[in-house]
Amino acid sequence: MAKLKDLVNKPEILSPGHRLCAGCGASIAVRQILSASDDPVVVACATGCLEVATTIYPYTSWRSPFIHNAFENVAATISGVETMYQSLKKQGKIDKEIKFIAFGGDGGTYDIGLQSLSGALERGHNFVYVCYDNEAYMNTGIQRSSATPRGAWTTTTPVGEVIPGKTQYRKDLTRIIAAHNIPYAAQASIWRWSDLIDKAHKAFYTKGPAFLNVLSPCHRGWRFPLEDTIKISKLAVQTNFWPLYEVENGKYKLNYKPKERLPITEWMKPQGRYKHLLTPENESIVEEIQQEIDNNWERLLVLSGEK
Amino acid sequence: MSIKTAAVTGNEAASYALRQINPDVVAAYPITPQTELVQSFSEYVADGLVDTELITVESEHSAMSACVGAAAAGGRVMTATSANGLALMFEILFIAASNKLPIVMPVVNRALSGPINIHCDHGDTMAARDAGWIQIYSENAQEVYDNLIQAIRIAENMKVRLPVMVMFDGFIISHGIERVDYLDDATVRNFIGTYQPNHPLLDIDKPLTFGPLDLYDYYFEHKRQQAEDIKNSKPIILDVAREFKEISAREYGLFESYHLDDAETAIVVLSSAAGTAKAVVDELRDRGRKVGLLKPRVFRPFPYIEIAQALSHLKAIAILDRSVSFGSFGGPLFTEIRSAMVEFKKIPENFNIIFGLGGRDINEQDITGIYNQLDEVVKSGKVKERVQYLGVRD
């Protein structure tokens, strides 16, 4: 396990002064993850908040080599970078050990970039893919994605007279990725920082593709006070909304089991995007969401041999 | 220098050039009529005849995206495509050019959907003419081979550093078997030289940010520089052609003139149809008619002054386009040339012929008919119809 004392003394790749919002979950995730590599890294990033807020020409917040190509193709882009590295290494033109990591939001990963990611995973490139999942298109101003949870308000799933927010459940991307039978896939939270950093370290030092899905609260889109990012992250795990687990060579392992599962309303209450659900007329929707979360948890317990 | 003569398809000639170029990375996706090129190159990879790492991507969008990543990383990168594949790459074509990545891509010209059609026209690469890539059209398999080898030198020149497309006609050239003279491997490798990286992403000691957000305070200056860079590639293209002549005894320029100097009328046409037109010129010349031909080779950067100058002495010209630019005055070649001719006081009579869409054949009778029509225009001083569609049923 990583020691906090060592981590804080490591030089940071994402430098301060970037223009992400105060309290942004994504930048916390990126800093925790990048602290886990003992080798130099090349970073690729899909179009999104992280990219636009860290590379406003003529400035850059990246102390490592960094490449942004487009929205839907960060996995294909990093596979090109990594393949050139392998080619030059084989030809004896480069000898340094370098790690390759791609960051994409949920829009760039669950939706528009899924094909590119699936292709890169199947081809078996040696890279880490991180989805910083903030559950909507935050860069364009809070539009729903396939990662947006059921019931949540977004600007394209507004709370209207007849439709109370998003009507569909979110896509279970981590299981979809695990179904590619890659060596390592995990779900993590910035609240459990040492769990996330351990997972990131495993991901960097896995031979072949590795995937991390990190819940990255967005106070602008989820409507909570900016100082509560970690508190919200914690509630996601303690309500079983965002279970922490990993799939290593096909084997599921649960990394955290709440002593007492909190009701989903505890996750919803502090977030303005769920405000409309916590009314008597929408009680049945909340019950259905609770049922779905409990079912998913039960299935995870079975998959990970806990039951 | 030794020469090997082979009877091969255009795709095989392209693949042979790729083997000799020996790129560090190729990322490609199959599409008719390019498929045979990628298949044949995969065999070179499987037999260990190249150092290339081949990325068999899941789409053309990923092919071009991986090429951008690989080229930025710092090495020689190639891909190949056709029609819908090129259209799927469209977004990334612009990104490759704006990042100044010297990717070289053979494009086997094929009609764009819809309706779906696998045969030749130039609608695919004409749609991509403003993407910032250098575009070179080839008449036959020999030119495909020669242009690909020259394209590496053009793309990688430090004053250019731009991606290059090398075009040839789907099925007509990609699948037709022709005689090709190959240079030996050592001559080609010596000609192209070793790849010189320019600010490679893999230089971890000098970290660079590729593809930043570039707003109204700098974007315009960057686009202006890009416009200058592609313009400046023109003399480099000619330098490379001169050097290539020394190793191959084959001559290339920005365009080819065929019996043009003393001609009174001429046809302007790209690619394989120029081969057919040359046969017609020979036949009509035998009968004493003063006809000529101009075959553009480099479409981007467009050599407008040079082409307009070469045509300025003619009485009438027919400009043939194997693509249609919907809603435009005429085809892309026509509008470029007609606009360039304004630089000269005396403009030859001119008209545009759209032909061969979706692989519709153009034969010697068709071309003879066009020369006859040019004679009528000279005689009457009048163009009956400015933009015509050859052989299309109304």
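So the sequences go chain by chain: A and B.
This note's numbering runs 18 ahead of the 1-based position in the first sequence.
This note's numbering runs 61 ahead of the 1-based position in the second sequence.
Built from N, CA and C at the ideal position, the CB exists for glycine as well.
Based on Cα-Cα distance, which residue from the options lies nearest to residue i?
i                 : options                                       : result
Phe-84 (chain A)  : A:Gln-133, A:Thr-127 and A:Val-61             : A:Val-61
Tyr-365 (chain B) : B:Ala-67, B:Leu-315 and B:Asp-323             : B:Leu-315
Phe-155 (chain B) : B:Ser-123, B:Arg-250, B:Trp-194 and B:Asn-145 : B:Trp-194
Gly-126 (chain A) : A:Lys-277, A:Trp-315 and A:Ala-64             : A:Ala-64
Gly-254 (chain B) : B:Phe-305, B:Gly-272, B:Leu-269 and B:Thr-429 : B:Phe-305
Thr-95 (chain A)  : B:Ala-144, B:Ile-116 and B:Thr-142            : B:Ile-116
Glu-73 (chain B)  : B:Pro-94, B:Asp-85 and B:Ser-332              : B:Pro-94
Pro-261 (chain B) : B:Gly-175, B:Leu-331, B:Gly-135 and B:Ile-380 : B:Gly-135
Val-329 (chain B) : B:Ala-338, B:Asp-108 and B:Gln-203            : B:Ala-338
Thr-257 (chain A) : A:Thr-247, A:Trp-285, A:Glu-266 and A:Glu-310 : A:Trp-285
Ala-371 (chain B) : B:Pro-362, B:Lys-407, B:Gln-196 and B:Ile-234 : B:Lys-407
Lys-189 (chain A) : A:Phe-145, A:Val-146 and A:Phe-259            : A:Phe-259
Ile-428 (chain B) : B:Tyr-90, B:Gly-336 and B:His-236             : B:Gly-336
Asp-185 (chain B) : B:Phe-395, B:Phe-229, B:Asn-201 and B:Lys-292 : B:Phe-229
Leu-52 (chain A)  : A:Val-26, A:Pro-76 and A:Thr-73               : A:Val-26
Tyr-256 (chain B) : B:Ala-334, B:Val-341 and B:Asn-83             : B:Asn-83
For residue i, count neighbouring Cβ atoms within 10 angstroms of its own Cβ and tell me buried if that reaches 16, exposed if not.
i                 : result
Glu-97 (chain B)  : buried
Glu-299 (chain A) : exposed
Gln-434 (chain B) : buried
Phe-118 (chain A) : buried
Phe-387 (chain B) : exposed
His-283 (chain B) : exposed
Ala-66 (chain B)  : Note that residue 66 (chain B) corresponds to Thr in the displayed sequence, not to Ala. So Thr-66 (chain B) counts as exposed.
Met-187 (chain B) : buried
Val-403 (chain B) : exposed
Thr-166 (chain A) : buried
Thr-185 (chain A) : exposed
Lys-267 (chain B) : exposed
Ala-310 (chain B) : exposed
Gln-81 (chain B)  : buried
Thr-297 (chain A) : exposed
Lys-161 (chain B) : buried
Glu-179 (chain A) : exposed
Ile-398 (chain B) : buried
For residue i versus residue j, is the C-beta distance shorter than 8 Å?
i                 : j                 : result
Ala-133 (chain B) : Val-99 (chain A)  : yes
Phe-416 (chain B) : Leu-451 (chain B) : yes
Ile-368 (chain B) : Asn-411 (chain B) : no
Ser-322 (chain A) : Leu-272 (chain A) : yes
Trp-80 (chain A)  : Ile-31 (chain A)  : yes
Trp-209 (chain A) : Lys-277 (chain A) : no
Ala-158 (chain B) : Leu-223 (chain B) : yes
Ile-215 (chain B) : Val-86 (chain B)  : no
Gly-159 (chain A) : Cys-67 (chain A)  : no
CA-CA distance, residue i and residue j?
i                 : j                 : result
Phe-360 (chain B) : Arg-141 (chain A) : 37 Å
Lys-275 (chain A) : Lys-114 (chain A) : 40 Å
Gln-308 (chain A) : Gln-205 (chain A) : 20 Å
Ile-298 (chain B) : Val-69 (chain B)  : 26 Å
Asp-455 (chain B) : Glu-239 (chain B) : 36 Å
Met-150 (chain B) : Ser-441 (chain B) : 47 Å
Leu-173 (chain B) : His-180 (chain B) : 9 Å
Ile-250 (chain A) : Gly-41 (chain A)  : 11 Å
Lys-293 (chain A) : Trp-211 (chain A) : 29 Å
Glu-301 (chain A) : Asp-275 (chain B) : 47 Å
Phe-222 (chain A) : Glu-153 (chain A) : 25 Å
Glu-204 (chain B) : Phe-89 (chain A)  : 37 Å
Glu-266 (chain A) : Ser-136 (chain A) : 18 Å
Glu-437 (chain B) : Pro-409 (chain B) : 14 Å
Ala-228 (chain A) : Tyr-202 (chain A) : 5 Å
Phe-405 (chain B) : Leu-38 (chain A)  : 56 Å
Tyr-77 (chain B)  : Leu-147 (chain B) : 22 Å
Ser-101 (chain B) : Ala-107 (chain B) : 10 Å
His-236 (chain B) : Asp-246 (chain B) : 24 Å
Leu-244 (chain A) : Arg-49 (chain A)  : 18 Å
Ala-170 (chain A) : Thr-78 (chain A)  : 34 Å
Arg-241 (chain A) : Asp-151 (chain A) : 16 Å
Arg-346 (chain B) : His-320 (chain B) : 9 Å
- Query: Which full runs of the beta strand (DSSP E) of 3+ residues lie inside the stretch 237-279 of chain A, going along the chain?
  - Reply: Taken in chain order, the complete beta strand (DSSP E) segments of 3 or more residues contained in the stretch 237-279 of chain A are 263-266 and 269-272.
- Message: Report the start-end ranges of each alpha helix (DSSP H) in the stretch 330-370 of chain B that is 4 residues or longer and not cut off at the edges.
- Response: As far as the stretch 330-370 of chain B is concerned, its whole alpha helix (DSSP H) runs of at least 4 residues are 333-347.
- Message: Please give the ranges of any alpha helix (DSSP H) in the stretch 205-285 of chain B, keeping only runs that are unbroken, at least 4 residues long and fully inside the region.
- Response: Taking only runs of at least 4 residues, the alpha helix (DSSP H) segments lying wholly in the stretch 205-285 of chain B are 246-253.
- Query: Of all the alpha helix (DSSP H) runs that stay within the bounds of the stretch 50-76 of chain A, which reach a length of 4 or more residues?
  - Reply: For the stretch 50-76 of chain A, whole alpha helix (DSSP H) runs of length 4 or above, ordered along the chain, are 67-72.
- Query: Could you give the uninterrupted runs of the alpha helix (DSSP H) lying entirely in the stretch 283-327 of chain B, keeping only those of 4 residues or more?
  - Reply: Unbroken alpha helix (DSSP H) runs of no fewer than 4 residues, entirely contained in the stretch 283-327 of chain B, are found at 294-309, following chain order.
- Which whole runs of the alpha helix (DSSP H) in the stretch 131-195 of chain B are 4 residues long or more, in chain order? If one requires a minimum length of 4 residues, the alpha helix (DSSP H) runs lying completely within the stretch 131-195 of chain B are 144-159 and 184-188, in chain order.
- Just list the beta strand (DSSP E) runs in the stretch 143-217 of chain A, keeping only unbroken ones of 3 residues or longer that don't cross its boundaries, in chain order. Runs of the beta strand (DSSP E) lying entirely within the stretch 143-217 of chain A, each at least 3 residues long, are 146-151 and 202-207 in chain order.
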